[in-house]
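Colleague: Would you mind keeping the following structure in view while I ask a few things?
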Amino acid sequence: MPAIYRASFGFLRRHPWQLGLAILGICIGVAVMVAVDLANQSSRKAFLMSMDTLNGQATHQIVAGPGGVDETIYTTLRVEHGIRRIAPIVSGYAHAGEVALQLLGVDVFAEADFRQYTAPANFETDLAASPDTGPGQPEDMVRRFLTVNGSVLMSAATAAELALSPGDSFEILVNGKQRQAVLTGILRGNDGREVGGLVVTDIANAQYWLEMQGRLSRIDVRVAANDEQRLSEIRGSLPPGTELLSASGRTETTAEMSDAFMTNLTAMSFLALLVGIFLIYNSVAFAVLQRRELIGVLRALGVTRGQTFRIILSEAAVVGTLGAALGLLAGVWLGEKLLVLVARALSDHYFAVNVTDVAISSASVVKGFVAGLGATLVAATVPAIEASSFQPRLALTRSTLEQRAGRAVPRLGYSGIGLIFLSALMLALSGRSLVIGLIALFVLILGFAFCIPFIVRGISNALAPFAGRIGGTAGRLAIGGVGKTLSRTGIAIVALAIAVSATIGVSVMVGSFRASVSDWLGSTLQSDVYVGVPRGSLDPALIPDLTSLPGIAEYSTSRRAWLETDNGRTRILAIRMAPGSYAGTNIRDADPEHVWRQFNQDSAVLVSDSYAYRHETQAGEFVTLNTPQGRVELRVAAVYQSYDSNDGAIMMSRNTYNRYFDDSAIDSIGLYLNDGFDVDLVMNSLREVSEGRQSLIMNSNDNIRDISMAIFDRTFVITNVLYWLAVGVAIIGIFGAMLALQLERAREFGVLRALGMTPGQTGVLVSLQTAFIGFLAGLTAIPLGLVMAWVLVEVINRRAFGWQIDIAISAQPLLAAMALAIGAALLAGIYPSWHAGHARPALAMREE
Amino acid sequence: MTTTNKRAQVRIRDLSRSFWEGERQHDVLRNLSVEFAQGETVALRGRSGSGKSTLLNLISGIDVPDAGEVEVSGKSITGMSERERTLFRREHIGFVYQAFNLVSTLSVSDNIRLVLELNGIGREQADQRILKLLDAVGLRDRAESYPDILSGGEQQRVAIARALAHEPVLLLADEPTGNLDDRTAEGVLQLLDELVRQAGGTMIIATHSAGVAEYSDRVLELQNGALVS
């Protein structure tokens, strides 16, 4: 290595703490980014692969509304139209013990063109030696599959999880009812794809178990590309309310539901990287400042500006490469932890995703590495330019540097104000774009960050005289020193302030959201007891028995179904309101009495906040639905408050639903008890009545509210993890900054010690200064945090999920943020305080 | 104008340089003209703030004048771009400072090698030259030591070796004995004198020490930015 590079890298070797902290800062920033990317991609990939497995080679699917597809359509297409490459499917969910399974009912004779693993040639069994079942030839297996009562197939992994072998009988819970199943064979995915978590049965058995006699969940269709004639023929033969849709399009639409969630997580991960960038800048800037004399000597010896620039950038490249490489390793580890949280949140809110292993994609790795290295180089560019502009006169004194930094502070402040205006402009003009909203948020953070040194200098200068009166020269040195050493303290304060403001922003947003959801649950949950079936509907014969029990005054019913509409897949809520239910629905900007009259008498519907925002729908407009009666237009009576689902919902009365849809299913009922009746006693009676008929989920009002809030809190666990990681990066940064600052001031402390200041006094001086730095970071973080909270609530959440949240600000998150800032700074200042206090004056003065 | 009969190595004409202190302009050099001949050793004396260091910085191209011209070996430094000045300095000028200014992260030999590398001298040739220079300054046994464990006199001898490593035509020494005791200072001046004269180079020593005069061909006195003798 050439001597000029050795001269420069030698500095890093001599300051391993500084080097280590810079690498750690980049490492965490990259790790968070890579982890979120891997967790998002792995979840999505797992979902798409499972859908791909289920859909097989189907190019299209015939689907209908909530009641499913009439099975005679399949017969008509196959027999009358001679279309052979179609397969009927009945699908649902089941439980074997604690294991959740997807139930797929198939016609094995129609499967060959669709799913390889359900093709008889791929069934495996070790029953060949059994005299009861005959030899293990494909035809015998098909025979067993079709003739053995409750026959099912599953993958070897699923069978192992359930401790089953071919031939074993076991109980399976479908639609809340216990069924007897027999494992007659093992599914073998011949293309290596996971078919785990899946249980395949004959279509007639599936219809029986899922109580879908005469109905199909869908018909899979396979047509050659561009065979429009065949597609038109199929479409032409379908009755109203039944549609032919692209299979991949349906999967994508479902996957896209989680896009906003994933974009928000990605943005959170960028926050850690942004904090990291400030810290890298800080580290490099420090390293440059500390070497100003070395650089001056090199320049005097004939090192050009370009060479100086390249030296600093190559150092940054080495640090960035090391940090990014370590960040990738840490990212994979962290990704596995986050995957559990992401998968759980996706399963709670969007679609079932069963994934435990992170799929490491080269794209994520390259992206993380480039981001880490790129961020480091970008952050190092300014100090590198600064270093190359040093005049080789060896007269670049500390005061000259501070004067230069001092002159830059107002300019930076003006640029910051400009950026804040730009951000406001972006927010105002970007319509509903989430990505531009997030970019505007980052511009806003940057704008605030640029203003912070100006504010810090003002506060520090204003407080210094008071500090002097209380703490004498030492007090003035500690407090006034911060503003006078902005070139060294400014960036550390900015980095800590950004991280702390993020905690305020996110805390206020989550707190407001939580309060809104809690209020909403308080008003929506009007019933005393809720009864339902996990992933199924209530047995119609059971409902009268449940609702006629003593103590039950009224009941409401609810049915949640998906419908393909012109606006994509839409959730339909069919509600039979009990008299007490109406007050629980918060109608936006309309007279509730008038709205409910239209709802009950005129087939009008309500749309949720999210639906109204996403589809720009308002009261008085119409929504078009495909029903078995054909396309119907229903008037929107009002918009209602709901945090039920972020893709929005259309609510209609049960009468309206029955009028247009051939579906009598009821998912859950809400029971209103007479005064004086004990909830637990009624729930015991409900259990007795349903015993042996259907396995029900029962929750009291309080219980369901707790469960809902637990799901809410679970969703934000990942957000908390991410912002605490950002705070972690900031603490590391402030530690590095304090260390470098105190090392740089070693001579100053040496002089103070030589003049008679005790080690304790010197330590207190440093601690006082670090606490003040923390205080300044906390103070400047508060306005930024509050504005950030406003943007998160009013712009980001609205654009991402369509939710309307009332901002609730309490003192608690602000005080917590201030405590965090001061605590983090004090924590970071412990070693520098000790170091400053124990520095030997003679040595310290000589080191300079 | 102070002139010499020998061929001029450094020619300075009407050189002015001022600095601003807030609202106040401080003239450091005022219309200064002087020539330094090849092989000549000149002591530049004057009190602190008289402009000695500024003059050396202007001669080396480290700083640029407000007015006037500096010519070294027939080339106008003042007409050059920043990069050209850097490359010219790298090749033709050596510097010795009061504070030594060795690179603390490099060993003694690497401090010298740094300049040789900058001038594109190959490793083998550089090794030979480093050994020769260390022999000359009496520090061969300290080749792999780092500057911070050397005494002041030793550090300055390394600095002299580094300044002469690329055989510059002009050596500028800014208070080279300012940080040394009398005996060590004497040794350093002898060494400088011997090595520079041996190489036939020109040396300008800025100093306020009277002892430097006996090693100089001429002594110039700077007062308030102008030459008085």
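Quick note, the sequences are listed as chains B and D, same order.
Residues 988 to 1835 (this note's numbering) are what the first sequence spells out, left to right.
Residues 53 to 281 (this note's numbering) are what the second sequence spells out, left to right.
Just so you know, even glycine gets a beta-carbon here, dropped at the ideal spot from N, CA and C.
From what residue to what residue does the alpha helix (DSSP H) around histidine 1825/B run?
Modeller: Position 838 of the first sequence holds residue 1825/B. Residues 1798-1825.
Colleague: CA-CA distance, histidine 1602/B and leucine 1170/B?
Modeller: Position 615 of the first sequence, counting from 1, holds the residue named residue 1602/B. Position 183 of the first sequence, counting from 1, holds the residue named residue 1170/B. Going by the C-alpha atoms only, they are around 47 Å apart.
Colleague: Can you have a look at phenylalanine 1788/B and say buried or exposed, based on whether 16 or more other CB atoms are within 10 angstroms of its CB?
Modeller: Along the first sequence, one-based indexing puts residue 1788/B at 801. So phenylalanine 1788/B counts as buried.
Colleague: By Cβ distance, which residues of its chain are closer than 6 Å to glycine 1403/B, with the 5 residues on each side in sequence left out?
Modeller: For the purposes of this step, residue 1403/B is identified with residue 416 of the first sequence, where counting begins at 1. Correct list, in chain order: Gly1434, Phe1437, Cys1438.
Colleague: When the distance is taken between beta carbons, is threonine 1757/B closer than 8 Å to alanine 1823/B?
Modeller: Along the first sequence, one-based indexing puts residue 1823/B at 836. Along the first sequence, one-based indexing puts residue 1757/B at 770. No.
Colleague: Could you check what DSSP says for glutamine 90/D in three-state terms: helix, strand or coil?
Modeller: Reading the second sequence from its first residue, position 38 is the one you call residue 90/D. Glutamine 90/D falls in the coil class under three-state DSSP.
Colleague: Cβ of threonine 1291/B less than 8 Å from any chain D Cβ?
Modeller: Here residue 1291/B corresponds to residue number 304 of the first sequence, with the count starting at 1. Judged by the 8 Å Cβ criterion, threonine 1291/B is in contact with chain D.
Colleague: Given a limit of 7 Å on CB to CB distance, which residues of the region 156-187 of chain D reach chain B?
Modeller: Taking 7 Å as the Cβ-Cβ cut-off against chain B, the residues of the region 156-187 of chain D that qualify are Thr157, Leu158, Asp162, Arg165, Leu166, Val167, Glu169, Leu170.
Colleague: So which residues of chain B does phenylalanine 147/D contact, with C-beta pairs closer than 8 Å?
Modeller: Counted from its first residue, the second sequence places residue 147/D at position 95. Simply Ala1287, Leu1288.
Colleague: Are the C-beta of leucine 243/D and some C-beta of chain B separated by less than 8 Å?
Modeller: Within the second sequence, the letter at position 191 stands for residue 243/D. For leucine 243/D, the answer is no, since every Cβ of chain B falls outside 8 Å of its Cβ.
Colleague: Enumerate, from N- to C-terminal direction, the unbroken alpha helix (DSSP H) stretches of 4 or more residues contained entirely within the region 93-132 of chain D.
Modeller: The qualifying runs are 104-112.
Colleague: Taking a Cβ distance cut-off of 7 Å, strictly less, list which residues of the region 989-1007 of chain B are near chain D, in chain order.
Modeller: Listed in sequence order: Pro989, Ala990, Ile991, Arg993, Ala994, Gly997, Phe998, Arg1001.
Colleague: Over what stretch of residues does the alpha helix (DSSP H) that includes tryptophan 1777/B continue unbroken?
Modeller: Counted from its first residue, the first sequence places residue 1777/B at position 790. Residues 1746-1778.
Colleague: On the DSSP letters alone, give me the boundaries of the alpha helix (DSSP H) that glutamine 1216/B sits inside.
Modeller: Looking up residue 1216/B in the first sequence gives position 229. Segment 1215-1224, the alpha helix (DSSP H) holding glutamine 1216/B.
Colleague: Mind checking which residues open and close the alpha helix (DSSP H) that includes aspartate 1039/B?
Modeller: Taking the first residue of the first sequence as 1, we reach residue 1039/B at position 52. Note, aspartate 1039/B: alpha helix (DSSP H), 1003-1042.
Colleague: In this structure, does DSSP put glycine 1617/B in helix, strand or coil?
Modeller: Mapped onto the first sequence, residue 1617/B falls at position 630. Here glycine 1617/B sits in strand by DSSP.
Colleague: How is alanine 1191/B classed by DSSP in three states: helix, strand or coil?
Modeller: In the first sequence, the residue the question calls residue 1191/B occupies position 204. Three-state result, alanine 1191/B: helix.
Colleague: Of the residues Ser261/D, Val280/D, Arg214/D, which one's Cα is nearest the Cα of valine 248/D?
Modeller: Translated into positions along the second sequence, residue 248/D becomes position 196. Checked all of Ser261/D, Val280/D, Arg214/D; the closest Cα to valine 248/D is Arg214/D.
Colleague: Beta-carbon within less than 6 Å of leucine 999/B's beta-carbon, same chain only, minus the 5 sequence neighbours each way: which residues are those?
Modeller: Within the first sequence, the letter at position 12 stands for residue 999/B. Same-chain partners within the cutoff: Leu1006.
Colleague: Roughly how far, in whole angstroms, is the beta-carbon of proline 1153/B from the beta-carbon of glycine 1172/B, given that I think they are within contact range, below 8 Å?
Modeller: Within the first sequence, numbered from 1, the residue matching residue 1153/B stands at position 166. Within the first sequence, numbered from 1, the residue matching residue 1172/B stands at position 185. Rounded, the Cβ-Cβ distance is 6 Å, consistent with contact.
Colleague: Answer with buried or exposed for leucine 1593/B, where buried requires no fewer than 16 other C-beta atoms within 10 angstroms of its C-beta.
Modeller: Here residue 1593/B corresponds to residue number 606 of the first sequence, with the count starting at 1. Buried: at least 16 other Cβ atoms inside 10 Å.
Colleague: Drop a sphere of 10 angstroms on the beta-carbon of glutamine 1165/B, count the other beta-carbons inside from all chains shown, and report buried for 16 or more, exposed for fewer.
Modeller: For this step, residue 1165/B is matched to residue 178 along the first sequence. With fewer than 16 Cβ atoms within 10 Å of its Cβ, glutamine 1165/B is classed as exposed.
Colleague: Determine, using beta carbons only, whether leucine 1773/B comes closer than 8 Å to chain D.
Modeller: Locating residue 1773/B in the first sequence gives position 786, counting from the first residue. So no, leucine 1773/B is outside the interface.
Colleague: Which residues, in chain order, does the region 64-75 of chain D contribute to contact with chain B at a C-beta distance below 7 Å?
Modeller: Residues passing the 7 Å Cβ filter: none.
Colleague: Go to isoleucine 201/D, then tell me how far its beta strand (DSSP E) extends in each direction, as first and last residue.
Modeller: Residue mapping note: residue 201/D aligns to position 149 of the second sequence, counting from 1. Note, isoleucine 201/D: premise wrong, no beta strand (DSSP E); not H, not E.
Colleague: For serine 105/D, does the count of other Cβ atoms within 10 angstroms reach 16, so buried, or fall short, so exposed?
Modeller: Within the second sequence, numbered from 1, the residue matching residue 105/D stands at position 53. Label assigned to serine 105/D: buried.
Colleague: Mind checking tryptophan 1004/B: buried by the 16 CB within 10 Å criterion, or exposed?
Modeller: As a first step, residue 1004/B is located in the first sequence; it is residue number 17 there, counting from the start. Label assigned to tryptophan 1004/B: exposed.
Colleague: Report the three-state DSSP secondary structure of leucine 1464/B (helix, strand or coil).
Modeller: Within the first sequence, residue 1464/B is the residue found at index 477, counting from 1. Leucine 1464/B falls in the helix class under three-state DSSP.
Colleague: Return the residue from the list Ile1705/B, Pro1075/B, Met1725/B that minimises the CA-CA distance to valine 1019/B.
Modeller: Position 32 of the first sequence, counting from 1, holds the residue named residue 1019/B. For the residues Ile1705/B, Pro1075/B, Met1725/B, the minimum Cα distance to valine 1019/B belongs to Ile1705/B.
Colleague: Report the partner residues of lysine 1164/B according to the DSSP bridge assignment.
Modeller: Walking along the first sequence from the start, residue 1164/B turns up at place 177. According to DSSP, which records beta bridges pairwise, lysine 1164/B is partnered with Val1161/B.
Colleague: What does the Cβ neighbour count give for glycine 172/D, buried or exposed, with the cut at 16 atoms within 10 Å?
Modeller: Counted from its first residue, the second sequence places residue 172/D at position 120. Burial call: exposed.
Colleague: Which residue comes first and which comes last in the beta strand (DSSP E) that contains arginine 1278/B?
Modeller: Reading the first sequence from its first residue, position 291 is the one you call residue 1278/B. Element bounds for arginine 1278/B: n/a, residue is neither H nor E.
Colleague: Please list, in chain order, the chain D residues whose beta carbon lies closer than 8 Å to that of valine 1275/B.
Modeller: Residue 1275/B sits at position 288 when you count from the first residue of the first sequence. Per Cβ cutoff of 8 Å: no residues; valine 1275/B is ~14 Å from chain D at best.
Colleague: Please specify which runs of the beta strand (DSSP E), each continuous and at least 3 residues long, are wholly inside the region 1464-1546 of chain B, giving them in chain order.
Modeller: You should have 1516-1519.
Colleague: Spatial neighbours of valine 271/D within its chain, please: C-beta separation below 7 Å, excluding the five flanking residues on both sides.
Modeller: In the second sequence, counting from the first residue as 1, residue 271/D sits at position 219. Only Ala95, Arg97, Ala265 meet the Cβ criterion.
Colleague: Looking at leucine 84/D and alanine 278/D, is the spacing between their C-beta atoms short of 8 Å?
Modeller: The sequence position of residue 278/D within the second sequence is 226, counting from 1. The sequence position of residue 84/D within the second sequence is 32, counting from 1. A contact, by the Cβ cut-off of 8 Å.
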